[in-house]
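Inspection log for the structure reproduced underneath, given as structure tokens.
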Amino acid sequence: MQDRTELIRQDFPILQRTVASGAPLVYLDNAASSQKPVAVIQAMDDYYRRYNANVHRGVHTLSEEATAAFEGAREKVARFIHAPHSRQVIFTRGTTESINLVAHTWGRANLRPGDEVLITEMEHHANIVPWQILRDQLGFTLRYVPVTDQGLLDLDTLDELLTERTKLFCFVHASNVVGTINPVDELVARARAVGARVLIDGAQSVPHMAVDVQALDADFFAFSSHKLCGPTGIGVLYGKRDLLEAMPPFMGGGDMIREVTMAGSKWNSLPYKFEAGTPAIAEGIGLGAAVDYLQSVGMDWVRAHEQEITRYAYDRMSEVEGLRILGPGPEQRGGLIAFTLEGVHPHDIAALLDRSGVAVRAGHHCAAPLHARYGIPASARASFYLYNTTAEVDVLVEALHKTQEVFAL
Ligand code: PLP
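Yeah, the sequence shown ends on 769 if you go by the numbering used here, and it's all consecutive.
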């Protein structure tokens with residue numbers, strides 16, 4: 361496994377650099393955004409150098425080539441997540457926009473006072489705030505599935521929380537703080553039993569494991585390109601076809617219409633109905649290259665590799681005195697570990713780790729309610745990807761000991 365990782369590391373030029381202190385980079389902030397392999401950088405460079413043009417509208421060579429590459433990327437994404445058809449892959453700016461799209465279109469058309477939307481205490485702000493905004497406008501009720509001390513969803517509460525009033529159940533596939541991989545099959549089955557639709561936030565799952573949206577029976581599924589080796593500025597909303605067909609458009613403008621007159625407009629077919637204006641073309645092509653890259657490595661390998669690193673990190677970090685890991689044991693989590701260190705503010709942890717070249721994130725990781733649940737304002741988070749090694753975990757642990765020494769003085 362280690363040899364394979366060494367080869368993979370060579371695909372990521374940024375991993376060769378040092379940071380301000382002169383130490384080699386140990387990049388453990390992958391849950392925030394991943395690094396990009398040469399294949400992705402080259403695919404975007406190639407578009408701008410050789411066939412840069414707007415898509416869908418032109419009949420000239422460059423536009424046709426750009427359209428083929430952009431739509432080809434949509435096909436690749438559809439195969440990657442096992443969508444039945446690429447029409448059901450809507451390009452957005454990312455997970456956040458995908459969830460807002462569902463709130464503003466499906467939500468406005470289907471939710472009214474008396475209805476309930478169920479989310480969880482474990483959600484990223486991207487899967488909380490859009491529902492709060494909509495609740496304040498439409499007057500439905502927003503409820504939360506509580507999280508246990510171990511960082512698992514408290515499924516015992518579902519009997520009471522999931523009822524015929526529940527129209528939509530939104531939950532994160534893999535948590536960006538406690539790392540928990542949620543039991544999607546059970547959650548979807550429970551939602552189906554009361555006739556609720558489900559929206560799954562896959563921002564932290566699609567980059568790290570094989571995902572089959574049909575097997576999960578997701579009504580809506582959202583994720584971002586930049587966390588899966590692709591560029592920023594593009595992401596995906598997958599939806600079931602009948603739902604997408606019935607939903608009103610999100611934004612109005614070019615490309616999303618079939619016909620416009622002074623009197624009114626008719627909408628384009630899927631996916632274009634939801635893609636107003638010039639899309640992020642280079643980014644879409646980059647996302648396609650990222651999917652190709654991850655598939656060439658193999659998502660099962662990515663998952664197995666991260667499990668190995670996470671198990672190792674969990675054990676080594678547990679040895680550090682005063683270090684508290686948030687969330688369940690390594691078997692129930694994805695490749696990230698959020699933690700606190702007694703007597704040291706998470707921002708100080710991150711700043712001191714940077715001196716050793718280690719990049720981690722500190723703060724509430726856009727999950728303030730979850731931190732409030734644990735009675736802490738913030739945590740530090742080390743998050744792993746296919747190019748990380750156990751040797752890098754050793755650098756992290758050594759840097760954590762150094763941090764403690766600084767604060768013991
Ligand atoms: N949901 C989860 C679980 C996340 O981890 C993130 C990003 O950190 C998001 C949603 C939002 O993703 P984006 O900022 O790419 O829209």
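Backbone N, C-alpha and C define an ideal beta-carbon position, used for all residues, glycine too.
(request) Determine the direct distance from the alpha carbon of Ile685 to that of Gln655, and round the result to whole angstroms. (result) Spanning the two alpha carbons is a distance of roughly 32 Å.
(request) With DSSP as the reference, label Thr456 as helix, strand or coil. (result) It is helical.
(message) Within a Cβ cutoff of 6 Å, which residues of the same chain sit near Thr749, ignoring the five residues on either side of it in sequence?
(response) Taken in chain order, the residues that qualify are Thr365.
(request) Express the C-alpha separation of Ala534 and Tyr504 in angstroms, rounding to a whole number. (result) Rounded to whole angstroms, the separation of the alpha carbons of Ala534 and Tyr504 is 17 Å.
(message) According to DSSP, simplified to helix, strand and coil, what is Phe440?
(response) If DSSP states are grouped into helix, strand and coil, Phe440 belongs with the helices.
(request) Just confirm the distance between the C-beta atoms of Gly593 and Ala640, as a whole number of angstroms; I'd bet it's less than 8 Å. (result) Right, the Cβ-Cβ distance comes to about 5 Å (below 8 Å), so this counts as a contact.
(message) Does the distance between the C-beta of Thr775 and the nearest non-hydrogen atom of the ligand PLP fall short of 7 Å?
(response) There is simply no residue 775 to check, as the chain begins at 361 and stops at 769 in what is shown.
(request) Taking 8 Å as the cut-off, decide whether the C-beta atoms of Ile560 and Val537 are in contact. (result) Taking 8 Å as the Cβ cut-off, Ile560 and Val537 do not qualify as a contacting pair.
(message) Since Ala582 and Ile459 should fall inside the 8 Å C-beta cutoff, what is the C-beta to C-beta distance between them, to a whole number of angstroms?
(response) Under the criterion of beta carbons closer than 8 Å, Ala582 and Ile459 qualify as touching, at roughly 5 Å.
(message) With the cut-off set at 8 Å, would you say Thr783 and Gly511 are in Cβ contact?
(response) Coverage of the chain is limited to positions 361 through 769, which leaves residue 783 absent and any answer about it impossible.
(message) Between Leu478, Gly723, His586, which has its C-alpha nearest Ala556's C-alpha?
(response) Ala556 has its Cα closest to that of Leu478, out of Leu478, Gly723, His586.
(message) Looking at Ile450: is its Cβ nearer than 8 Å to the Cβ of Pro631?
(response) Yes, the pair counts as a contact, with Cβ atoms nearer than the cut-off.
(request) Could you pull out every unbroken beta strand (DSSP E) segment of at least 3 residues lying fully inside the stretch 590 to 653, listed in chain order? (result) Runs of the beta strand (DSSP E) spanning 3 or more residues and lying entirely within the stretch 590 to 653 occur at 595 to 599, 617 to 620, 625 to 627, in chain order.
(request) Report, in whole angstroms, the separation of the C-beta atoms of Gly745 and Asn390, which I expect to be a contact under 8 Å. (result) Note on residue identity: the sequence assigns Tyr, not Gly, to residue 745. Between Asn390 and Tyr745 the Cβ distance is about 4 Å, and since that is below 8 Å, they are a contact.
(message) Just to confirm, is the Cβ distance from Val718 to Leu756 under 8 Å?
(response) Cβ distance < 8 Å, so Val718 and Leu756 count as in contact.
(message) Going residue by residue through the stretch 455 to 486, where are the continuous beta strand (DSSP E) segments of at least 3 residues, counting only ones entirely within it?
(response) Listed in chain order, the beta strand (DSSP E) runs fully inside the stretch 455 to 486 are 476 to 480, counting runs of at least 3 residues.
(request) Within the same chain, show all residues whose beta-carbon is closer than 6 Å to that of Lys600, passing over the 5 residues directly before and after it, in chain order. (result) Non-local beta-carbon contacts of Lys600 in its own chain, meaning distances under 6 Å to residues more than five positions away in sequence, involve Asp579 in chain order.
(request) Measure the C-alpha to C-alpha separation of Gln667 and Asp516 and round it to an integer number of angstroms. (result) Rounded to the nearest angstrom, the gap between the Cα atoms of Gln667 and Asp516 is 28 Å.
(request) From the DSSP output, in three-state form, read off Gly695 for me. (result) Coil, per DSSP.
(message) Assuming contact is defined by CB atoms lying nearer than 8 Å, are Leu712 and Thr763 in contact in what I supplied?
(response) For the pair Leu712 and Thr763, the CB atoms are nearer than the 8 Å cut-off.
(message) What ranges does the alpha helix (DSSP H) occupy inside the stretch 381 to 441, keeping only unbroken runs of at least 4 residues that lie completely in it?
(response) Qualifying alpha helix (DSSP H) stretches, in chain order: 398 to 410, 421 to 440.
(request) Please name the residue, chosen from Leu502, Gly474, Thr480, that lies closest to Leu547 on a Cα-to-Cα basis. (result) With distances taken between Cα atoms, Leu547 lies closest to Thr480.
(message) Please report the straight-line C-alpha distance between Ala740 and Met659, rounded to a whole angstrom.
(response) Distance between the alpha carbons of Ala740 and Met659 is about 27 Å.
(message) Given 7 Å as the limit, tell me if Cys530 has its C-beta closer than that to any heavy atom belonging to the ligand PLP.
(response) It does not: the Cβ of Cys530 is nowhere closer than 7 Å to a heavy atom of the ligand PLP.
(message) Given this structure, state the Cα-to-Cα distance separating Arg434 from Glu679, to the nearest angstrom.
(response) For Arg434 and Glu679, the distance between alpha carbons rounds to 45 Å.
(request) Closer than 7 Å by C-beta to Gly467: which residues in its own chain qualify, once you throw out the five before and the five after it? Chain order, please. (result) So the qualifying residues of the chain are Leu494.
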